[in-house]
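Here's the structure, in structure tokens; my notes come after.
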Amino acid sequence: MCNFFRYVLILLGGLIVLALPYAARAQSTSASATAIVATALQVSKTADFNFGRIVPGATVGTVLLSTSGTRSQTGGVTLGNAGSTSAAAFSVSGENNATFTVTFSGGTLSDGASPTNHTMSVSAFVVKMSGGTDQLANYAGTLSGAGTQTFAVGGTLSVGTTASTPAGTYTTSNSGGTAVSVTVAYN
Amino acid sequence: MIKFHTIASSIACLAVLGISGAAHAAGQSSSTHNVIVETTVVSPLGATTGQVMKFGDIVPGASAGTVVLSTSNTRSVGTGGVTLASGSTTPATGVVNVSGTGNASFTVGFSSGVTLALDTDQPKTMTVDSFVLKVDSGSDLTSNYAGTLTAGAAALKIGGTLHVGTSTDNPAGDYSTAHTGGSPLTLTLTYD
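Protein sequence lines, in the order shown, are assigned to chains B and U. Here the numbering used here is used: the first residue of the first sequence is 1, the next is one more, and so on. Here the numbering used here is used: the first residue of the second sequence is 188, the next is one more, and so on.
Written as structure tokens, this is what we have:
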């Protein structure tokens, strides 16, 4: 942006030097700035994971919990009564149409036994946004035009043998356990 | 005379500079939650035979019949031509001891085609069905067999109906599911 003006003073043989500065027009520029304050991202958990009742066997195995709350198994573990089986579920609200990512960490269940507790881990999370398909990695979603979204989470429980996994209630909130930490962030 | 020429050129520069660009607030752009994960581990259901089912001494007759063994070691003639004898074998209700976890409930399945065979080369057999189940001090169940563990244990009392042929079909001798040609009674225990 340039602006210039110049003035020329012409003296014609006069004895009088007159300096008549050109009227300097007030130079004004104004800058405006805008910023969008995004609606705060809020997440609430509406269901915890529950793998129901399981029966370890002579060999290790896994229990897979789908995003719709159904279970299947591999290896030596047998599925017992479904009982309170449930996929985890979350409700998100924030900026209309914003995209967000989901990340997980942790996930150790313990029976809290003393002096030595017994543990098993949960991993390989599966995320399904409402109306979407199962995501196995790079979990992402989009808030609706009204700024909301819900998603369900399944996962894989790694189960030891009967020797390493005696009967009891195993939970991430027992001593020796670690909760699964779910972080939802705007892109 | 003074002439003034003023030449001024200016390029109107009254431009409003607009700076635009979205800047999300630095505050609540992510949120973290801890999720609880839970599972209940139960010991596999185990079963050991405490007492073999014994129908005792019977005498087949001219027509087929049945002998019914109760859940309390008694037996009676159900139908037909068989009679009971008080021989050397004391009738006994079958007993199976179940082990598992806590006070869980479970169902019991009885195999079909339970067959007792004579302990000789003769293909003489009798079958057992219509099992009656009594779990601990519960009532007799003739279907939808189910029970509940108490402190991880339960005692199952098992009776049933023996189908006896005529004296030609079933000549004298020891008949057992363990003999060649026999088929055992298999219980399938399942946590609910």
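Note that beta-carbon positions come from the ideal geometry of N, C-alpha and C, so glycine has one too. Note that the structure is predicted; figures quoted are calculated from it, not measured.
Helix, strand or coil at residue i according to DSSP, with G and I counted as helix
i	result
HIS220(U)	strand
ALA359(U)	coil
ALA249(U)	coil
ALA365(U)	coil
LEU232(U)	coil
ALA209(U)	Annotation note: pLDDT 36 at ALA209(U) (below 50); position unreliable, coordinate value reported separately. Note: ALA209(U) maps to coil in three-state DSSP.
MET175(U)	This structure cannot speak to residue 175(U), because chain U is shown only from 188 to 379.
GLN42(B)	strand
GLN309(U)	coil
ALA140(B)	strand
GLU95(B)	coil
SER72(B)	strand
PRO118(B)	Sequence inspection shows His at residue 118(B); the Pro mentioned does not correspond to that position. If DSSP states are grouped into helix, strand and coil, HIS118(B) belongs with coil.
GLY177(B)	coil
THR270(U)	strand
SER158(B)	strand
ALA89(B)	strand
ALA124(B)	strand
ALA60(B)	First, the amino acid is wrong: residue 60(B) is Val here, not Ala. In this structure, VAL60(B) counts as coil in the three-state DSSP scheme.
LEU79(B)	strand
ALA163(B)	coil
THR265(U)	Looking at the sequence shown, residue 265(U) is not Thr but Gly. It is a strand residue.
VAL184(B)	strand
ALA146(B)	coil
ASP277(U)	A small fix is needed here, since residue 277(U) is Thr in this sequence, not Asp. Residue state, collapsed to three classes: coil.
LEU328(U)	strand
THR288(U)	coil
GLY339(U)	coil
THR101(B)	strand
GLN135(B)	strand
THR67(B)	coil
Under 8 Å between C-beta atoms of residue i and residue j
i	j	result
LYS344(U)	VAL282(U)	yes
ALA341(U)	THR335(U)	yes
LEU143(B)	PHE90(B)	no
ASN284(U)	THR235(U)	yes
THR162(B)	GLY57(B)	yes
ALA87(B)	GLY154(B)	yes
THR288(U)	LYS241(U)	no
HIS220(U)	LYS128(B)	no
THR122(B)	VAL180(B)	In the sequence as displayed, the identity of residue 122(B) is Val instead of Thr. Yes.
THR178(B)	GLY76(B)	no
LEU303(U)	GLY237(U)	no
THR172(B)	ILE223(U)	yes
LEU349(U)	VAL254(U)	yes
PRO247(U)	ARG262(U)	no
VAL315(U)	LEU376(U)	no
Beta-carbon proximity list for residue i, same chain, < 8 Å, skipping 5 on both sides
i	result
THR74(B)	GLY61, THR62, LEU64
SER250(U)	GLY267, GLY268, THR353
LEU136(B)	ALA124, VAL126
ASP323(U)	GLY334, THR337, ALA341, ALA342
TYR378(U)	VAL229, LEU232, GLY287, ALA291, SER292, PHE293
HIS211(U)	Confidence in HIS211(U) is poor, its pLDDT being 37 and thus under 50, which makes the residue's placement unreliable; the coordinate value appears in the next sentence. No residues qualify anywhere along the chain.
PRO166(B)	ASP111, ALA113, HIS118
GLY325(U)	GLY334
Contact test: residue i Cβ vs the ligand ATP heavy atom, cutoff 7 Å
i	result
THR335(U)	Absent from the structure shown: the ligand ATP. Ligands present: none.
Contact with chain A by residue i, beta-carbon distance below 8 Å
i	result
TYR378(U)	This model lacks chain A altogether, as its protein chains are B and U.
Residues near residue i by beta carbon distance below 6 Å, same chain, minus five either side
i	result
SER257(U)	GLY346
GLY205(U)	Here the model assigns GLY205(U) a pLDDT of 32, short of 50, so the residue's position is not dependable and the matter cannot be decided.
SER218(U)	none
PRO371(U)	THR364
THR150(B)	SER91, SER130
LEU305(U)	LYS311, GLY360, TYR362
VAL319(U)	THR258, ASP327, THR329, GLY346
GLY52(B)	ALA82, GLY83, THR85
One or two residues paired with residue i in a DSSP bridge
i	result
LYS344(U)	VAL282(U), LYS321(U)
TYR170(B)	THR226(U)
GLY296(U)	THR375(U)
ASP316(U)	THR348(U)
LEU109(B)	MET120(B)
ALA152(B)	ALA89(B), LYS128(B)
LEU256(U)	ARG262(U), GLY347(U)
GLY334(U)	PHE293(U)
PHE49(B)	VAL224(U)
SER84(B)	Beta-bridge pairing links SER84(B) to no other residue.
THR302(U)	THR314(U), SER370(U)
Same chain, Cβ closer than 7 Å to residue i, neighbours up to 5 away in sequence not counted
i	result
GLY147(B)	THR39, SER93, GLY94, GLU95, ASN96
GLY214(U)	Bear in mind that a pLDDT of 48 at GLY214(U), under 50, signals an unreliable position, so the number given afterwards is only what the model happens to contain. For GLY214(U), where only same-chain residues beyond five positions count, there are no Cβ hits under 7 Å.
GLY69(B)	THR85, SER86, ALA87
**OP:** Flag this pair as touching only if the region 348 to 362 of chain U and the region 285 to 299 of chain U have three or more C-beta atom pairs under 8 Å; answer yes or no.
**Re:** The way I'd put it, the region 348 to 362 of chain U doesn't touch the region 285 to 299 of chain U; fewer than three beta-carbon pairs between them come closer than 8 Å.
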